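Chemist: Below you will find the structure I want to go over with you.
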Amino acid sequence: MIDKMIASCQKLPTVSAEIAETYTRSMDRLLDHVVDQLESNPHIKELIGQNPLEVMRNKLRNHALFMSTVFSVNAFELLVHTVSRMYRMYNAKGFSYDYFPLELVSWQIAIHECLHNSDRKSELLRVYSWLVQHHEDFIKLSLLRGDLSFNVKPEADEIQRVFLSLLLHGSTQECITLANNTIQTAHDLKFFYLDVISPAMYRVGQLWESNQVSVADEHVATAIVGRLMAALYPRFALLETTKGKAIVSAGPNEFHELGARMLADFMEMDGWDVTYLGANTSPEKLLETVKSHKPFVINLSVATVFNLDGARQMIQLINEDQKTKDIKIMVGGFAFNGMPDLWKAMGADGYAADAESALRVTDNWWIERNDAHA
153 MIDKMIASCQ KLPTVSAEIA ETYTRSMDRL LDHVVDQLES NPHIKELIGQ NPLEVMRNKL
213 RNHALFMSTV FSVNAFELLV HTVSRMYRMY NAKGFSYDYF PLELVSWQIA IHECLHNSDR
273 KSELLRVYSW LVQHHEDFIK LSLLRGDLSF NVKPEADEIQ RVFLSLLLHG STQECITLAN
333 NTIQTAHDLK FFYLDVISPA MYRVGQLWES NQVSVADEHV ATAIVGRLMA ALYPRFALLE
393 TTKGKAIVSA GPNEFHELGA RMLADFMEMD GWDVTYLGAN TSPEKLLETV KSHKPFVINL
453 SVATVFNLDG ARQMIQLINE DQKTKDIKIM VGGFAFNGMP DLWKAMGADG YAADAESALR
513 VTDNWWIERN DAHA
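Following our numbering, the numbering of the sequence shown begins with 153 at its first residue and continues without gaps.
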């Protein structure tokens, strides 16, 4: 079914850069219009499952950010992967399926009334019409895709299950003990990062999306993993720098930084001179750091699809500046899952699905650079 949906959305006409930019510039005005429409609906509280209205407002803002990405890079396949996931997640949190077409029609009305001077707004309206027409398909797809799993190596399966249980119980010391008993070498550390921590945290995220754990539980698990990584990494960090400079960062508004932190650790253990900027780095801060450090490569991690457009604008800023345009840019993170070619539309030089793959690609770039200068 998903292949059929993707084939259908790929027939949508291209959205021009002009109207995509208009949508992005008008986002706040459009958002206010949609909020006013929905909040004036006498049945809205029932439709959103008695959630606070702020939950709906946050969803609407995320929708606007997401659609800005879709329109800017014409990544219509993202609609299938993301909208079905949003149906599943918000329905689990109490939103009625009847809410979604009401919201989509509200966006259509907002575009029609707020962008009345644009003769290209029909390009946007066609996309929203496609979403409304496929409402029933998105319901079916959200149900079909309700149990997503994360493949791990067989030898990691039991460790990952135990680690996940300890995370959900908030057992910091037990998590550290398990890690210490498992990790003896740098290879063991990479194994633990990729095949224990990563799938466990993906599973925590899935449990939160399906309303089986609270946001507080998710935050506790993230905090435990952060403390654990801080305790483990110094045991294997190289004191000697044998390669070039690298900057590793999460994208703008991106607070999920574990993937970026893993990559920073992997690169330092491999001899790179790493500057790690952490979560929610602004485009201006990144550009300032890039100009002062003059790295060989920049690695950007984006876990949430709503933050893709911020990362795209950040990459554009780097590529258009004469002082930084030749620096290699690698992207990765959960937001790119299922869309391995999205990095090209984002303006990056490469993509990697995990920290180990990112290190391998970056090392190859470094070798090619040295061979070219030999």
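Ideal Cβ placement from N, Cα and C applies to all residues, glycine included. For clarity, every value in this text was computed on a predicted model and none was experimentally measured.
Counting only runs of 4+ residues fully inside the region 359–426, write out the alpha helix (DSSP H) ranges in chain order.
Modeler: Counting whole runs of 4 or more residues, the region 359–426 contains the alpha helix (DSSP H) stretches 367–384 and 410–421.
Chemist: Which residues in the same chain as aspartate 340 place their Cβ atom closer than 8 Å to its Cβ, once the five residues preceding and following it in sequence are excluded?
Modeler: Cβ neighbours of aspartate 340 beyond the five flanking positions: Thr334.
Chemist: For glutamate 198, I'd like the list of residues in its chain whose CB is within less than 8 Å of its CB, leaving aside the five on either flank, ordered along the chain.
Modeler: Ser248.
Chemist: Might you give, ordered along the chain, the residues of its own chain that have their beta carbon closer than 8 Å to the beta carbon of methionine 491, omitting 5 neighbours on each side?
Modeler: Excluding positions up to five away in sequence, the list reads Ala227, Glu229, Leu230 and His233.
Chemist: With DSSP collapsed to three states, give me the class of leucine 164.
Modeler: Reduced to three states, the DSSP call for leucine 164 is coil.
Chemist: Out of Gly423, Ile479 and Trp495, state which residue places its alpha-carbon closest to the alpha-carbon of valine 457.
Modeler: For valine 457, the nearest C-alpha among the options comes from Trp495.
Chemist: Going along the chain, which residues of its own chain have a beta-carbon closer than 7 Å to the beta-carbon of leucine 205, five neighbours each way excluded?
Modeler: Glu191, listed in sequence order.
Chemist: Report the three-state DSSP secondary structure of alanine 504 (helix, strand or coil).
Modeler: Note: alanine 504 maps to strand in three-state DSSP.
Chemist: Which term fits aspartate 347, buried or exposed, when burial requires 16 or more other beta carbons within 10 angstroms of its beta carbon?
Modeler: With 16 or more Cβ atoms within 10 Å of its Cβ, aspartate 347 is classed as buried.
Chemist: Whether or not the region 403–418 and the region 376–385 are in contact is what I'm after, with contact meaning three or more pairs of Cβ atoms, one per stretch, closer than 8 Å; do they touch?
Modeler: Short answer: they touch.
Chemist: Just curious, the beta strand (DSSP E) that glycine 484 is in, first and last residue?
Modeler: Run containing glycine 484: 480–484, per the beta strand (DSSP E) assignment.
Chemist: Does the region 398–411 come into contact with the region 441–455, if we say contact requires no fewer than three beta-carbon pairs (one atom in each stretch) closer than 8 Å?
Modeler: Yes, they touch.
Chemist: Looking only at DSSP bridge pairs, what is tyrosine 118 linked to?
Modeler: Given a span of 153 to 526 for the chain in the structure shown, any question on residue 118 remains unanswerable.
Chemist: Which two residues bound the contiguous alpha helix (DSSP H) that contains asparagine 332?
Modeler: Looking at the DSSP string, the run of the alpha helix (DSSP H) that includes asparagine 332 is 324–334.
Chemist: For isoleucine 200, I'd like the list of residues in its chain whose CB is within less than 8 Å of its CB, leaving aside the five on either flank, ordered along the chain.
Modeler: Contacts found: Val207, Met208, Gly246, Phe247, Ser248 and Tyr251.
Chemist: Which value, in whole angstroms, describes the spacing of the CA atoms of leucine 300 and tyrosine 354?
Modeler: With a pLDDT of only 43 at leucine 300, under 50, the local geometry of the prediction cannot be trusted, and no value is derived from it.
Chemist: Asparagine 432: which of Leu410, Asp422, Glu406 and Asn451 sits nearest, CA to CA?
Modeler: The candidate whose alpha carbon is nearest that of asparagine 432 is Glu406.
Chemist: Compare the beta carbon distance of alanine 455 and alanine 487 with 8 Å and say whether it is the shorter of the two.
Modeler: Yes, they are a contact pair.
Chemist: Report all residues from its chain with a CB closer than 7 Å to the CB of leucine 183; omit the five preceding and five following residues, and keep chain order.
Modeler: So the qualifying residues of the chain are Leu212, Arg213 and Ala216.
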